[in-house]
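Visitor:
Numbering (our numbering), first residue to last: 1361 to 1703.
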């Protein structure tokens, strides 16, 4: 029987997929070997420099080696590249870790991460890039937006952060503090100086893809103005999402002003209704996020919102200069850790 056009099309498609898969595997293999080579070169430079205690000797070794390698192999072995290799070996001294990382992240990923001063921050971006399969562009966007500093985990003691990152590394289990942020950067919404809660909601829905990226990993949009009926009264949840990593519904309440204590009761009502009527047997209890233009830290602390599954966060619709944002975030982390130490 002669093959039909449909058979031919299927045949061509299958062969194309084989070629694409082989090319992808080859690219991953090449990148893995390149990363391993860079680490080995850095390690060898490190050993050579340690033979001599003079600081200027390191510069001399790297300069001479760069010229020799360039003469032999051509471009790609500049002094800057050799400094990258040396930094890689110093930051990741354990070859077992390098072996695991090189199979999942590209050399460009690693270069973006390895110059961070904070080891916990490096570990955070490494694990999240692996878990979320971030491209290098996405990774750099996350770093630029101060993702680590804005994530709730950064407000915890270092030991707790290490344990939760280790859990992510070993079992792929995501703690909610790896997902929740404060503040949320919503500058992409393009809002005017004066706007209503409905304007904020409409803008979020227009830019839903960007908003999902800002929310973080695993979020899926379900509904806006989600209607719930209790007794004879109707209530509406501004935005309802599901997070597949946390395995729970996420209710978001949008407020244009600063946080008020009565918002707690409203969100608790939503969460208890969702737990009773919408939560599946294999899911975790619903979580609430109250997005406000400003926070009142003492009220939030006294209300113990974390015990109710409620996260209060600021949103910023106009991104301040990076230096000011860094100062604000740093101070937020200091304040949070101080409160933890005083408990």
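Backbone N, C-alpha and C define an ideal beta-carbon position, used for all residues, glycine too.
Quick check on residue 1539: does DSSP put it in helix, strand or coil?
Guide: Counting from one through the chain shown, the residue named residue 1539 turns up at place 179. Residue 1539: coil per DSSP, three-state reduction.
Visitor: If we count the other Cβ atoms within 10 Å of its Cβ and call it buried at 16 or more, is residue 1461 buried or exposed?
Guide: Here residue 1461 corresponds to residue number 101 of the chain shown, with the count starting at 1. Result: buried.
Visitor: So, with DSSP's three-state summary, where would you put residue 1616?
Guide: Position 256 of the chain shown, counted from the first residue, corresponds to residue 1616. Looking at residue 1616 - three-state DSSP - the assignment turns out to be coil, as it is neither helix nor strand.
Visitor: Tell me the start and end of each unbroken beta strand (DSSP E) in the segment 1402 to 1446 that is at least 3 residues and wholly inside, in chain order.
Guide: List check, beta strand (DSSP E) in window: nothing returned.
Visitor: So who's on the other strand from residue 1580, going by DSSP bridges?
Guide: By one-based count along the chain shown, residue 1580 stands at place 220. Residue 1580 pairs with 1602.
Visitor: Please name the residue in 1605, 1399, 1670, 1540 whose C-alpha comes closest to that of residue 1457.
Guide: For the purposes of this step, residue 1457 is taken as the residue at position 97 of the chain shown. Minimum Cα distance to residue 1457 is reached at 1399.
Visitor: So, with DSSP's three-state summary, where would you put residue 1390?
Guide: Within the chain shown, numbered from 1, the residue matching residue 1390 stands at position 30. Of the three classes helix, strand and coil, the one that applies to residue 1390 here is helix, per DSSP.
Visitor: If distances are taken between C-alpha atoms only, which option among 1585, 1496, 1545, 1673 comes closest to residue 1570?
Guide: Position 210 of the chain shown, counting from 1, holds the residue named residue 1570. When each option's Cα is compared against that of residue 1570, the closest is 1545.
Visitor: Does residue 1485 pass the burial test, meaning 16 or more other C-beta atoms within 10 Å, or should it be called exposed?
Guide: Mapped onto the chain shown, residue 1485 falls at position 125. The residue in question, residue 1485, is buried, as its Cβ has 16 or more Cβ neighbours within 10 Å.
Visitor: May I have the straight-line CA-CA distance separating residue 1562 from residue 1613, to the nearest angstrom?
Guide: Stepping through the chain shown from its first residue, residue 1562 is reached at position 202. Stepping through the chain shown from its first residue, residue 1613 is reached at position 253. Looking at the two C-alpha atoms, the distance is approximately 13 Å.
Visitor: Could you pull out every residue in the same chain whose Cβ sits closer than 6 Å to the Cβ of residue 1401, ignoring the five residues on either side in sequence?
Guide: Numbered from 1 along the chain shown, position 41 holds the residue referred to as residue 1401. Contacts found: 1445.
Visitor: Where does residue 1593 fall in DSSP's three states?
Guide: For this step, residue 1593 is matched to residue 233 along the chain shown. Here residue 1593 sits in strand by DSSP.
Visitor: Is there contact between the segment 1416 to 1433 and the segment 1374 to 1394, where contact requires at least three CB pairs shorter than 8 Å?
Guide: Not touching, per the Cβ criterion.
Visitor: Can you pull the DSSP bridge partners for residue 1511?
Guide: For the purposes of this step, residue 1511 is identified with residue 151 of the chain shown, where counting begins at 1. DSSP output for residue 1511 lists 1541 as bridge partner(s).
Visitor: In the structure shown, what three-state DSSP assignment does residue 1674 receive?
Guide: Mapped onto the chain shown, residue 1674 falls at position 314. Strand at residue 1674.
Visitor: Could you tell me which residues DSSP puts in a beta bridge with residue 1608?
Guide: Position 248 of the chain shown holds residue 1608. Paired residue(s): 1603.
Visitor: Verify whether the separation of the beta carbon atoms of residue 1670 and residue 1624 is less than 8 Å.
Guide: Residue numbering aside, residue 1670 sits at position 310 when the chain shown is read from its first letter. Residue numbering aside, residue 1624 sits at position 264 when the chain shown is read from its first letter. Going by C-beta atoms, residue 1670 is nearer than 8 Å to residue 1624.
Visitor: Leaving out the 5 sequence neighbours to the left and right, which residues in its chain are closer than 6 Å to residue 1626 when beta-carbon positions are compared?
Guide: Looking up residue 1626 in the chain shown gives position 266. Counting only Cβ-Cβ distances below 6 Å, and skipping sequence neighbours, we find nothing.
Visitor: Going by DSSP, what residue range makes up the alpha helix (DSSP H) through residue 1625?
Guide: For this step, residue 1625 is matched to residue 265 along the chain shown. Where residue 1625 is concerned, the enclosing alpha helix (DSSP H) stretches over 1622 to 1637.
Visitor: What residues are listed by DSSP as bridge partners for residue 1587?
Guide: To locate residue 1587, count along the chain shown from 1; it is residue 227. DSSP, once it has assigned bridges, lists 1596 as partnering residue 1587.
Visitor: Helix, strand or coil for residue 1666? Go by DSSP, reduced to three states.
Guide: In the chain shown, the residue the question calls residue 1666 occupies position 306. Helix, per DSSP.
Visitor: Please name the residue, chosen from 1672, 1459, 1605, 1573, that lies closest to residue 1649 on a Cα-to-Cα basis.
Guide: Translated into the one-based positions of the chain shown, residue 1649 becomes position 289. Residue 1672 is the option with its Cα nearest to residue 1649.
Visitor: Buried or exposed for residue 1541, going by 16 or more other Cβ atoms inside 10 Å?
Guide: The residue labelled residue 1541 in the question sits at position 181 within the chain shown. It is buried - the Cβ of residue 1541 has at least 16 other Cβ atoms within 10 Å.
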